[in-house]
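Below: the structure, in structure tokens.
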Amino acid sequence: MLSAAVLTAHLLLQTQALAPRTPGDTSGYWQQDVRYTVRAALDEPSGVMMAAGRIVYRNNSPDTLRAFYVHLYLNAFRPASRWAENERREGVKRFGELPDPYHAFERLGRVLAGGVPVRPTYPYAPDSTIAGFPLPSPLAPGDSLTVDLEWESRLSVIPRRQGRQGRRFDFVQWYPKVVVYDRFGWETHPLYMAGEFYGEFATYDVSLDLPGDQVAAATGVPVEGDPGWAAARATPETPVTSQADWYGSRPGAGALAAWGPAREGRKRVRFYAEQVHDFALSLNPEYVYEEGRFGATVLRTLYLPQDRATWGGGIVIQRMAHLMGWMDTIFGAYPWPQFTALHRVEGGGTEFPMVVMNGGPSEGLIFHEGGHEYLYGILGNNEWKDGWLDEGFTSFQSGWHSQVARREGPGARGQGPGTRGQGPGTRGQVAILGMDLDGWSQPLSLPAELYSDFSVYNQMVYSKGALFFEMLRYVVGEDAFRRGLREYYARWKLRHVDEHALRGAMEAASGQDLSTFFAEWLHGTPLVDYGVRGVQRERTVDGWRTRIEIERLGDGVMPVDIAVPVGDSVLVVRASGRTPREVVEVVTATRTGRIELDPARQTMDWNYLNNLEGPRPPFRRTTAVGRKENRFGWSATEPARRDRLVVNWMPVAWFNAVGGVTLGFQTRSNYLARFELNTTQFTWPTGLASGAAVGKTARLRPDWFVSVRNPVRLRIPRTEIAMATWWLEGRVGGRVAVEREDRPQFDSPIRMRAGTSLAVMAVTDVRYLDRRRWDDWNTAELTGWAARSVTEQGPSASVGRLELTIGRSFDSRVGAKYARGSLTLKRTVRAGEFDVRLRAVAAGTLGGTSVPAQRRIFFGGADPYATFENPFLRSRGAFFARDAVHYQAAGGLGLRGYSPVASATWGVALNAEAAWRVAERPARRAFSSVSLAAFVDAALLDRVALGRSAAVDAGVGIRASHRIGPTRFVTRVDLPVVVTRPTAAVAGAVGDGVFKFRWVWSLEEAF
Ligand SMILES: [Zn+2]
């Protein structure tokens, strides 16, 4: 966890250090001049690059430098690095245990600073991704330094941004890379799992000695030697344009000649680049080469022979040109000679200046990574400090491109039923809102490794980062936003950028003060909620005056668009959103229609249920207002909408021996799949087919069951609140429950729950009771529970749950206290085609005869309170509750071969099941998975229950899983052919033997 003190310290540091600079203005900005000249030879069998190089460094800062630092990034991908330590903490096994021939390294040999030998030190040892050395003499402002280095570097066989596989080598961050010195000082920062790189804009002059058949792709242009493209052309007609003359005569000729001739079977090639902050190189003798053009820029792609159908034939080149056109439109001209997309060893994609290394050819990936050429490459942010400024920005621009393409493309404006209630970035909004509401979100400005875990970092930097830009566009308007982007690029291209650079450009373009917006969205985790408080309309001499009062209910401040329908059109006015209450007056010729806030759903307003003008007080306070979507159907899962309550209506029907045929309807609702999870159910017993013995049961007054879960007005992070009340089949009651869910970190497989409930259940009509299971007694209970579950890889899981209840039973005459408790442990392990499940349970009651039957421990399965919400089990004669039906409800002590009406005061049971999956057809609806099982259940019980203290059953069964729409369910048939107390067995009779053919079935897993 991040402490508030750390965060505050970080903020203070930024504020103080920034004080001298005018926000956004480039005056006073400086960056260092760096020039790398490198000679490197690859020894393919060992995978080691042996290199020597010179760094010429000019100090443009106002400070005198006394030390010098380089990154040795490849040392992250080996044991003992900070990266490996991160992985160990998050339970990832990758570089921490990788042995010597396989891990990466980067080792310095001789180092001379200004011609004087120096010894490197490693300030973050045992991590060695940063090396530093004191300078023999201080480097004054304006002075230059020459550093000569020798080093060896190797890539790891498990790829991560870099990597090697056979003769394929993705050499990135493979050389001692000068640490950025900016206005914060030396940015010495080890490489962690979260966060990427930061580099000085520099000139790279890199001469390589390689096996003769290798095909090389790299940052820059080949100015001498042969990278191998001509021989790797996709077709003989494929043009090969080196762009060797892009930099004119500046690279000079003869560097390779000065190095001398290559050995037999090897070749030499020299790449040259200016104004880039990294140099990436990829080698593969099998590369196939294609190229294209966007204006003055040559586009190259290098792919594998088997990629011809997916990368070749101009497919990837066309996508790259498309991307370059889009970026040119939003920012301006690309300044470099070429752009390469190549198929690397690892999946996914990573950006480097002029080069993206991708695992696939998709347009989405090309737009994301290619967008980084501008948003990281040309506008060079510090990626571990401001990851939102490259990852969030490029995620935003590629989403924006899709929005524009949808708006302008053929078949534009996808307003099908599936897109109702969706605004720009809605999917991302919902995911991030979940984290905001549960307190998992952390500020975008946090240094990458300080996020609580890797997935929070990813969610914040990519998704919330993209939403930041969505909202910025909303706040300043699309025209000013586009002008601001061009201004940002014009001012800052080929420079280091941060939030102040962006803010300055956006303020200049929009004329708005954006300090509050940047502060709250980059340095905080605000929750936005605006509501319509009231609307008054009055007739004036020449039309109507509408007075709209909005209220700010969250800590986030955003301007609020207000949609005002007038006749056939909709007027949009904007409130500042700054004050807790705000009034906007609109004067119109005709009467205005229903007012709505943020009609395009462009903000992170978490609660849209108060955004629509609703009914008058007092009802407005008590009912969820806003848009409602009524649906009709039997599906168990309704869609979740961003801007409306979804209500599903469904007729219901069932039967029991008392009410007879029972008919009614049920509604279920949800907002955002997490709020207003409410149910209402009204049913009428018709008395039809209830039988003469029970008398008249048909009536006009319906039975009801009403429950409310997680109302928006009672929002508590990571906490569920539920309230229910019922008058249902001879029982009346109510329940209030609160449950808190927590986990050690956001993406942890561990879940901890603790909760408490208060419940009352009273009998009003004994005819509905199966008196073997339910006494004519009422109960009031206070229950507390705690549970912990761990989901491991695959479906393996373990669950532990402790529950304790104190209750009071009473009827019209007496009352007595009792207690009830249980501890349940479950373990599921999947091994190949086998599932092994174990369950241990200990449960008992205290209170003797004051414990009514319905609160005893049932050893055949679940107890009556646990199954009360199931109409097929609730009452006497309900379909699954009939003796002849042999239905086994999972729960209790789980002795599935025993009668469901048998109970004990205490019991300790062990259930074990081994299932063999004989068929798996995931595409099918019915019988998508079928398995055969063998099981045994054993228990120790109080002697009174069975006359013996031990009970065992065993047998075989078959299970199948199915789905109806999105709902999955199982059918289970078990044959408990062995039951040690046969008279208490399911459908047992006097004279039965231990071995007998018996059967039970269920719609649930056994446990
Ligand atoms: Zn990215």
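Residues in the sequence shown are numbered from 865 upward in steps of one, following the numbering used here.
Built from N, CA and C at the ideal position, the CB exists for glycine as well.
Run of the alpha helix (DSSP H) containing residue i, from where it starts to where it stops
| i | result |
| --- | --- |
| D1699 | D1699 -> not in any alpha helix (DSSP H); beta strand (DSSP E) instead, spanning F1698 to L1710. |
| I1296 | T1290 to L1301 |
| Y1682 | No alpha helix (DSSP H) contains Y1682, which is instead part of the beta strand (DSSP E) from G1679 to A1695. |
| W1190 | I1179 to I1194 |
| L1331 | G1329 to V1340 |
| V1268 | E1255 to E1272 |
| H1232 | E1227 to G1235 |
Local Cβ density within 10 Å of residue i, reported as buried at 16 or more and exposed below that
| i | result |
| --- | --- |
| L1120 | buried |
| G1282 | The predicted position of G1282 is uncertain, since its pLDDT is 34 and thus under 50; no value can be drawn from it. |
| E1363 | buried |
| V1864 | buried |
| A883 | The predicted position of A883 is uncertain, since its pLDDT is 38 and thus under 50; a value taken from the coordinates is nonetheless stated next. When all chains shown are included, A883 counts as exposed. |
| S1433 | exposed |
| Q1279 | Any reading at Q1279 must be qualified, since the residue scores a pLDDT of 36, below 50, and its modelled position is unreliable; the value itself is stated next. Flag for Q1279 reads exposed. |
| L1578 | exposed |
| T1389 | buried |
| D1250 | buried |
| V1858 | exposed |
| V870 | Confidence in V870 is poor, its pLDDT being 35 and thus under 50, which makes the residue's placement unreliable; the coordinate value appears in the next sentence. With fewer than 16 other Cβ atoms within 10 Å, it is exposed. |
| R1862 | buried |
| A1787 | exposed |
| F1560 | The displayed chain sequence assigns Lys, not Phe, to residue 1560. Under this definition K1560 is an exposed residue. |
| N1475 | buried |
| L1229 | buried |
| E1402 | exposed |
Residue of the options minimising C-alpha distance to residue i
| i | options | result |
| --- | --- | --- |
| D1192 | D1069, G1234, Y1167 and D1171 | G1234 |
| F1345 | P1840, A1369, L999 and T1404 | A1369 |
| L1055 | R974, R1097 and S992 | S992 |
| G1241 | S1106, K1357 and V1437 | K1357 |
| R1416 | L1391, Q1400 and W1408 | L1391 |
| R1438 | F1610, G1431, A1427 and W1304 | A1427 |
| R1565 | L1163, T890, G1523 and V1602 | G1523 |
| G978 | N939, S1020, H935 and A931 | A931 |
| R1442 | N924, P1423 and T1647 | P1423 |
| L938 | P1086, A1779 and P1023 | P1023 |
| P1872 | V1421, A1851 and N1775 | Within the shown structure, residues of the chain are numbered from 865 to 1871, placing residue 1872 beyond reach of any answer. |
| D1034 | A1776, V898, V912 and E1868 | V912 |
| W1513 | R1505, N1520 and G1528 | G1528 |
| D897 | I919, G1420 and V1104 | I919 |
Residue range of the beta strand (DSSP E) that includes residue i
| i | result |
| --- | --- |
| D897 | D897 to D907 |
| N1148 | Looking at the DSSP string, N1148 is not in any beta strand (DSSP E), and its letter there is neither H nor E. |
| N1245 | L1243 to N1245 |
| G1598 | R1595 to D1606 |
| W1591 | T1583 to L1592 |
For residue i: DSSP bridge partner residues
| i | result |
| --- | --- |
| M914 | A905 and E1016 |
| G996 | Y933 and T985 |
| N1734 | Looking at the DSSP assignment, N1734 forms no beta bridge with any residue, so it has no partner. |
| N1775 | R1703 and D1801 |
| K1492 | L1509 |
| K1131 | L1074 |
| I919 | Y900 and V1011 |
| M1514 | Q1530 |
| P926 | The partner list for P926 (beta bridge, DSSP) is empty, contrary to what the question assumes. |
Expected contact under 8 Å - CB spacing of residue i and residue j to nearest Å
| i | j | result |
| --- | --- | --- |
| F1871 | K1690 | 6 Å |
| I994 | V1042 | That pair is no contact at about 12 Å. |
| V1816 | A1798 | That belief does not hold up - the Cβ atoms of V1816 and A1798 are roughly 14 Å apart, past 8 Å. |
| G1084 | Y1062 | Not quite, the Cβ-Cβ distance comes to about 20 Å (not below 8 Å), so this is no contact. |
| F1195 | Y1353 | 4 Å |
| L972 | P1040 | 7 Å |
| V1436 | I1412 | Wrong, their Cβ atoms sit about 12 Å apart, outside the cutoff. |
| L1757 | A1707 | 7 Å |
| A1745 | F1519 | So it is not a contact: roughly 11 Å between Cβ atoms. |
Distance cut-off 8 Å: residue i Cβ against heavy atoms of ligand 3
| i | result |
| --- | --- |
| D1250 | As far as ligands go, the structure on display features ligand 1 and does not contain ligand 3. |
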